[in-house]
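Each remark here refers to the structure printed beneath this line.
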Amino acid sequence: MSDNPKNNNSENEIGENIDEILEILDKYKLPEQKTAVKEKTEPDSIESTQQTIKINDSATAHFTEIIDATAVRQGKNDMTMHFAPVQNEDESEEEEKEAVEDEVELESLPRKKKKRKKDKENLGLFGIFSGVFKTIMYLIFVIGVAAYVSYNVIKIGNEVFAFVKPETEVNITITENMTTAQVAELLEEKGVIEFDWVFKLYAKYRSDVDSYIPGEYTISCNSNYDEIVTKFTVVEVAREVVKITIPEGFTVDQIIDLLTSNGVGQREDYINVINNHPFKHEFMVKLNTLDLSEDRIYRLEGYLFPDTYFFYQDDDEVDVINKMLNAFEDKFDISFYDRCDELGMTLDEVITLASMVEAESKFAIDLECVSSVFHNRLNNWAEDKKFLQSDATIQYVLPEHKEDLSQADKDLNNPYNTYVYKGLPPGAICNPGIDAITAALWPDDPLDANGKSFTAYFFVSNKYGKTYYAMTDAGHDVNKKQVEKDNAEYDAIHQTESTTD
3 MSDNPKNNNS ENEIGENIDE ILEILDKYKL PEQKTAVKEK TEPDSIESTQ
53 QTIKINDSAT AHFTEIIDAT AVRQGKNDMT MHFAPVQNED ESEEEEKEAV
103 EDEVELESLP RKKKKRKKDK ENLGLFGIFS GVFKTIMYLI FVIGVAAYVS
153 YNVIKIGNEV FAFVKPETEV NITITENMTT AQVAELLEEK GVIEFDWVFK
203 LYAKYRSDVD SYIPGEYTIS CNSNYDEIVT KFTVVEVARE VVKITIPEGF
253 TVDQIIDLLT SNGVGQREDY INVINNHPFK HEFMVKLNTL DLSEDRIYRL
303 EGYLFPDTYF FYQDDDEVDV INKMLNAFED KFDISFYDRC DELGMTLDEV
353 ITLASMVEAE SKFAIDLECV SSVFHNRLNN WAEDKKFLQS DATIQYVLPE
403 HKEDLSQADK DLNNPYNTYV YKGLPPGAIC NPGIDAITAA LWPDDPLDAN
453 GKSFTAYFFV SNKYGKTYYA MTDAGHDVNK KQVEKDNAEY DAIHQTESTT
503 D
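If you count by my numbering, then the sequence shown holds residues 3 to 503, one letter each, in order.
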């Protein structure tokens with residue numbers, strides 16, 4: 003080591019310059035660049051790794067001078083330094099701007115992810131609602147199909163087994179060699195069945211159905227398939243047919259006696275059917291809605307239509323009564339119901355009045371006039387005089403029919419006695435024909451001696467069947483005296499005839 007002060011100053015100057023160089027390097031190096039320095043193990047050898055440094059123009063010049071001076075003094079030391087191209091301030095600002103933009107872009111990335119997350123959430127909600135809607139629609143479809151199938155299964159079950167079907171009867175003609183399809187079509191046309199294809203399937207299911215016996219048949223619409231097929235395919239044992247004519251004005255008791263005397267049914271069973279069996283006719287539905295009097299003797303009195311019937315002796319009582327009710331329903335026109343409303347009367351009141359008209363009239367010509375007298379008493383008389391005073395209503399409750407009623411009979415305390423009780427009796431007193439029913443609905447005033455109509459409140463008939471009408475009590479007394487003369491004459495004639503015989 004030299005003791006020359008000049009040399010010492012130079013070494014100090016070099017040390018200071020090296021420190022300055024390091025400060026410059028620290029000041030101007032970029033954050034992303036790294037300096038790799040590898041030191042060798044030899045004591046006097048120094049190797050520098052490549053470095054990339056950014057500096058300005060003035061710093062570069064000053065740095066070069068220091069390196070040159072150092073290289074002279076350090077002959078044995080080799081220092082190799084490489085510098086990256088120097089950028090000016092504008093370029094540096096552009097890079098910083100780009101870095102900022104990159105940072106902005108990076109900052110925006112999470113927001114896009116959030117937006118995508120929200121979109122996914124919205125899509126998820128839509129998927130849930132869509133799934134719920136599809137499920138609801140599927141359930142509605144399944145329920146609808148189930149309801150439709152159930153409804154038709156019930157209808158078909160009722161069709162085959164006749165749980166609830168009308169009791170009306172129709173006539174069916176089976177011809178030679180009719181096929182099952184033709185029979186089914188005929189039954190559907192007549193209203194006995196509703197689905198011809200079901201009947202064809204049933205007949206196919208029954209292996210014993212291959213032909214039908216030709217003939218005339220009466221089929222009830224409430225028959226089940228087995229009964230229908232059996233009726234058309236099984237030869238019936240000969241049954242005795244009974245022809246019975248029920249006259250107009252017959253009572254229930256008289257009709258039952260007529261039927262049983264011809265070997266058709268039993269009295270007790272008829273009474274039970276008449277009072278209790280649930281018939282399904284339209285007029286029966288109306289009748290069942292009424293508050294019928296407890297004093298009524300027979301529920302169906304007035305509705306067993308008088309006509310000529312053919313019965314088998316083994317017919318049961320329900321079928322027999324049902325035939326009479328069918329006849330009533332056929333004869334009682336739909337316009338009759340409208341007329342009942344016009345008169346302010348129920349169906350049962352009209353039938354009760356018609357039964358009285360039937361019982362009191364000797365000839366058809368008197369039906370409308372007798373009806374007029376009853377209507378006048380019901381509607382026009384003072385309240386304390388609305389007694390119909392019909393002998394026929396008393397005869398209905400007497401044990402036996404009497405030719406002439408006594409005063410005791412007229413004083414009989416019975417709701418059917420119209421001498422004692424005002425208005426109509428509790429029910430019909432016989433079964434009227436269609437003419438009496440029509441007269442009860444459309445009455446007509448009688449004519450006087452001059453051919454003029456008048457309002458009558460009284461009538462009386464003689465044994466010949468002639469009826470006299472009067473407006474007042476005085477006129478009625480005159481007519482009764484005339485009837486006495488007529489009857490005396492009638493008795494004398496018939497007494498002479500019986501003596502001659």
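Don't be surprised by glycine CBs; every beta carbon is placed ideally from N, CA and C.
Note that the coordinates shown come from a computational prediction; the quantities given were computed from them, not determined experimentally.
Taking C-beta separations shorter than 7 angstroms and ignoring five residues to either side along the sequence, the partners of K192 in its chain run V172, I174, following chain order. Closest option to E218, judged by alpha-carbon separation, among R301, Y207, D335, T235: T235.
In this structure, C342 lies away from D446, with their beta-carbon atoms at least 8 angstroms apart. Counting along the chain, no beta strand (DSSP E) covers S408, and no H or E run does either. Judged by DSSP secondary structure, E218 falls within the beta strand (DSSP E) whose first and last residues are 217–222. For L443, the number of other beta carbons within 10 angstroms of its own is at least 16, and it is reported as buried. Inter-residue distance for S408 and A476 is about 22 angstroms (C-alpha atoms, whole angstroms).
When C-alpha distances from G467 are compared across F456, V185, D488, the shortest belongs to D488.
For a cut-off of 8 angstroms, the C-beta gap from L327 to F281 is around 6 angstroms, short enough to register as a contact. Of the candidates Q497, R241, Y470, T182, the residue whose Cα lies closest to the Cα of V485 is Y470. A Cβ-Cβ separation of about 5 angstroms places T420 in contact with T395 under the 8 angstroms criterion. If you look at V399, you'll find it in the alpha helix (DSSP H) that goes 393–399. For K245, the secondary structure class from DSSP, reduced to helix, strand or coil, is strand.
Taking C-beta separations shorter than 6 angstroms and ignoring five residues to either side along the sequence, the partners of K412 in its chain run Y421, following chain order.
Counting the other CB atoms within 10 Å of its CB gives E284 a total below 16, which places it among the exposed residues. Inside the segment 167–203, DSSP marks whole beta strand (DSSP E) runs of 3 or more residues at positions 171–176, from first to last along the chain. With 16 or more other Cβ atoms inside 10 Å of its own Cβ, R379 counts as buried. Taking C-beta atoms under 8 angstroms as the contact rule, N433 and L306 qualify, at a distance of about 5 angstroms.
The beta-carbon separation of I431 and A361, rounded to 6 angstroms, stays under the 8 angstroms limit for a contact. Put simply, of Y227, I257, N264 the residue whose alpha carbon is nearest the alpha carbon of K245 is N264. Cα atoms of V144 and K136: separation of roughly 12 angstroms, rounded to the nearest angstrom. Contact between T247 and T310 holds: CB atoms are separated by about 4 angstroms, below the 8 angstroms threshold.
The Cβ neighbour count for Y418, taken over all protein chains shown within 10 Å, is at least 16; the residue is labelled buried. At the C-beta level, G425 and I353 stay beyond 8 angstroms of one another. For F460, the enclosing beta strand (DSSP E) begins and ends at 460–463. In the displayed model, S455 falls within a strand according to three-state DSSP. If the five residues before and after I276 are omitted, its C-beta is found closer than 7 angstroms to the C-beta atoms of V254, Y300, R301, L302, I323, all from its own chain and listed in chain order. Burial is judged here by how many other beta carbons sit within 10 angstroms of a residue's own beta carbon; E242 has fewer than 16 and is exposed. Residue environment analysis places I195 among the buried positions, since at least 16 neighbouring C-beta atoms fall within 10 angstroms of its C-beta. Contact between R208 and V185 is absent: CB atoms are separated by about 13 angstroms, not below the 8 angstroms threshold. Rounded to whole angstroms, the gap between the alpha carbons of H377 and K483 is 25 angstroms. When C-alpha distances from M473 are compared across V266, D493, D297, D450, the shortest belongs to D450. Taking 3 residues as the minimum length, the beta strand (DSSP E) runs contained wholly in the segment 309–350 are 310–314, in order along the chain. With a beta-carbon spacing of about 6 angstroms, D437 and L369 fall inside the 8 angstroms limit used to define contacts. Counting only the Cα atoms, D493 lies some 14 angstroms from D406.
Assignment of L380 by DSSP, reduced to helix, strand and coil, places it in the helix class.
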